[in-house]
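If you use numbering that gives the first Met the number 0, the sequence shown corresponds to residues 0 to 160, in order.
No residue lacks a Cβ here, since even glycine has one placed at the ideal position from N, Cα and C.
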Amino acid sequence: MNRNSFDFRNRQTFGLALKGSLMFVIAYNLNVLFAQEPKSGILSGSVQDADYGGSVLNAKVTILENQMSAKTNVDGRYFLSGVPEGTYTLIVSAPHYKSSQVESLDIEVGEIKKMDVPLFNDTSDVIELDSFLVKAEVLEDSDIGLLTQRQKAPAISDAID
Numbered sequence: 000m001n002r003n004s005f006d007f008r009n010r011q012t013f014g015l016a017l018k019g020s021l022m023f024v025i026a027y028n029l030n031v032l033f034a035q036e037p038k039s040g041i042l043s044g045s046v047q048d049a050d051y052g053g054s055v056l057n058a059k060v061t062i063l064e065n066q067m068s069a070k071t072n073v074d075g076r077y078f079l080s081g082v083p084e085g086t087y088t089l090i091v092s093a094p095h096y097k098s099s100q101v102e103s104l105d106i107e108v109g110e111i112k113k114m115d116v117p118l119f120n121d122t123s124d125v126i127e128l129d130s131f132l133v134k135a136e137v138l139e140d141s142d143i144g145l146l147t148q149r150q151k152a153p154a155i156s157d158a159i160d
């Protein structure tokens, strides 16, 4: 036997063994990685207008203790993932609404907690006025003025001069 062919076979065998071992180590590590239990929970829900029932867009939902936050989408929904296990206070705020606070909110490992929060309109900036009258004169040469003339005309016409 030629010495070079013997070395080639040994290298080939060694390479196959190395590839097989490497594949086993990678598969084992991936299995261990994906088999781990989650170390956090998920908080999701929606924010609605308490007076009208509609969704509140761009409301800020914040967990007070760790400052994790999210904004609501067009449907008023929010989603916070990776929330560590614990008891939290949730603060929800939006322009023109009173802030809302949810206390003693428990999140457990692997849990998907749903928390819908209503927001009430903030009427602190509303100013109440006495009744008043608005008067305006219709300009004769405006489109509205010409249409008004046509409606009040005693005879039906098909053109406006």
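Quick one: using the 10 Å Cβ neighbour count with 16 as the cut-off for buried, is G144 buried or exposed? exposed
Is the region 119 to 133 touching the region 52 to 64, taking contact as three or more C-beta pairs under 8 angstroms? no
Within the same chain, show all residues whose beta-carbon is closer than 7 angstroms to that of I90, passing over the 5 residues directly before and after it, in chain order. T61, L63, S98 and Q100
Which residues DSSP lists as bridging Y87, in chain order: L104
Cut-off 8 angstroms between Cβ atoms - residues of its own chain near E110, not counting five sequence neighbours on either side: G40 and I41
Mapping DSSP to helix, strand and coil, what is K151? helix
Sequence-distant residues of the same chain with beta carbon closer than 6 angstroms to T88, five excluded per side: L63 and E102
On a Cα-Cα basis, can you pick out the residue from K70, E136, F119 and D124 that is closest to Y51? F119
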